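To start, the structure under review is shown below, and the notes come after it.
Numbering (the working numbering), first residue to last: 2 to 219.
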């Protein structure tokens with residue numbers, strides 16, 4: 002009895018504002034899962050997309066792909082996370098890490114979108130309980146703390162051991178940062194090793210995966 006717009010919402014809205022009452026469309030008869038995948042892939046092609054938007058988009062697509070049955074375009078079985086990331090050029094590991102972000106409390110996810118928490122730290126914080134995440138959020142919004150990768154790792158370690166308290170969070174996040182043994186490279190120097198179309202987020206992903214693989218090989 003009607004139609005649902007899957008792609009082109011902004012164009013339709015622009016036409017409404019301009020007083021245009023008819024627009025060219027492509028009509029497709031799709032089941033709910035296929036429609037969800039089309040909708041997500043369309044949104045992921047936007048030039049600017051927040052980490053939270055990408056996280057929930059990937060989660061929606063993952064659920065739809067699993068419900069459909071995990072097959073690629075050649076009808077061969079593939080890892081669901083790899084299949085979900087194909088359209089956007091992301092690896093299965095990257096997809097899984099984005100989906101982890103949906104486990105963040107809304108306040109921390111907002112801080113991630115605002116750039117006050119980086120992606121890698123955000124993923125680490127997803128392993129904390131809701132109460133522990135609230136403690137972290139309170140420290141950050143107070144303006145007295147920032148969360149580095151090493152701090153996030155320590156928070157997770159304490160949480161896994163059952164030793165993370167509100168006081169422990171405050172102490173960890175207010176530790177004096179040491180520069181001993183730390184090597185800093187400018188973004189300009191790093192970028193020459195990556196394709197020009199890579200954004201900062203994609204570069205961080207690659208570096209994180211390289212470090213992760215290196216640690217496993219030690």
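The C-beta atom is built at its ideal place from N, Cα and C for all residues, glycine as well.
Since the structure is predicted, the reported quantities are computational estimates derived from the model, not experimental observations.
- One alpha carbon belongs to residue 7, the other to residue 173, and they sit about 46 Å apart.
- Following the DSSP letters along the chain, one finds residue 126 inside the alpha helix (DSSP H) bounded by residues 120-126.
- Between the segment 125-140 and the segment 152-160 there are three or more inter-stretch CB-CB distances shorter than 8 Å, so the stretches are counted as touching.
- The beta carbon of residue 82 lies closer than 6 Å to those of 93, 96, 97 in the same chain, with the five residues before and after it left out.
- DSSP places residue 27 outside any alpha helix (DSSP H), giving it a letter other than H or E.
- At a Cβ-Cβ threshold of 9 Å, residue 52 and residue 150 do not count as neighbours.
- The closest CA to that of residue 167, considering only 188, 161, 139, is found on 139.
- Residues 150, 153, 205, 209 of the same chain have their beta carbon placed closer than 8 Å to that of residue 121, with the five preceding and five following residues left out of the count.
- The beta carbon of residue 101 sits closer than 7 Å to the beta carbons of 124, 127 from its chain, once the five residues preceding and following it are set aside; these are given in chain order.
- Sequence-distant Cβ neighbours of residue 114 in its own chain, meaning closer than 7 Å and more than five residues away, are 51, 52, 53.
- Put simply, of 199, 30, 57 the residue whose alpha carbon is nearest the alpha carbon of residue 4 is 30.
- Following the DSSP letters along the chain, one finds residue 81 inside the alpha helix (DSSP H) bounded by residues 81-86.
- In terms of CA proximity to residue 132, 107 leads the group 107, 192, 148.
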